[in-house]
Amino acid sequence: MVEEEISNKVNSGWVLVPENPDSSLTETVLQLSTSVTSLQRQPAPVSAEPRIGLPDKWNGVDGRPDGLLATLDMLFECQPTKYTTARAKVALLTSLLSGQAQEWAAALYYDKSAACNDYALFVEELKKTFWGDASLRSIF
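Adding 35 to a residue's 1-based position in the sequence shown gives its number in the working numbering.
Next up, the structure:
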């Protein structure tokens, strides 16, 4: 029973047991030292997802959020495991809004709009609200 338990631990990589039960403690220490040295020489794992800085906030009045939306699209493509749901994407975009745009997003959230659960719909609504003909005429 004990031998089977030791064998299972050895096979799972958790316990180092000398191959020869009669080997000395010195040999075991040397084996451990070699294992540690080997592990230290291995390169650190490379992150598959690059780090991308977040863009500046957009207030809904100054300019257009083209750069903001393009950066977020790239971020979502490059970090797919970080932003796995549409709601997480909407939450990130909302956190990058300020002023009128943030107030608009908060109203959608509190009204439980379907756009808050659908990133593409949220962006479409954002564009309609802030890029529509009437809003563009008021800016230019």
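Glycine is no exception: its CB is placed at the ideal position from the N, C-alpha and C atoms. Nothing here was measured: the structure is a model prediction, and the numbers come from that model.
Residue span of the alpha helix (DSSP H) that contains residue i, given as start and end
{"i": "Cys113", "result": "Asp101 to Cys113"}
{"i": "Gln66", "result": "Leu60 to Arg76"}
{"i": "Ala155", "result": "Tyr154 to Trp166"}
Those residues which DSSP pairs with residue i across a bridge
{"i": "Trp93", "result": "Leu132"}
Exposed unless 16 or more other CB atoms sit within 10 angstroms - verdict on residue i
{"i": "Val96", "result": "exposed"}
{"i": "Lys163", "result": "exposed"}
{"i": "Val125", "result": "buried"}
{"i": "Leu74", "result": "exposed"}
{"i": "Tyr154", "result": "buried"}
{"i": "Pro100", "result": "buried"}
{"i": "Ala150", "result": "buried"}
Beta carbon of residue i nearer than 9 Å to that of residue j
{"i": "Leu131", "j": "Leu89", "result": "yes"}
{"i": "Gln114", "j": "Pro85", "result": "yes"}
{"i": "Glu128", "j": "Leu156", "result": "As written in the sequence, residue 128 is Leu, which differs from the Glu given in the question. Going by C-beta atoms, Leu128 is not nearer than 9 Å to Leu156."}
{"i": "Asn94", "j": "Ala136", "result": "yes"}
{"i": "Ser148", "j": "Lys92", "result": "no"}
{"i": "Leu143", "j": "Glu159", "result": "no"}
{"i": "Thr116", "j": "Ile87", "result": "no"}
Cutoff 9 Å: residue i Cβ touching any chain B Cβ
{"i": "Lys117", "result": "Although the question refers to chain B, the structure presented lacks it and comprises just one protein chain."}
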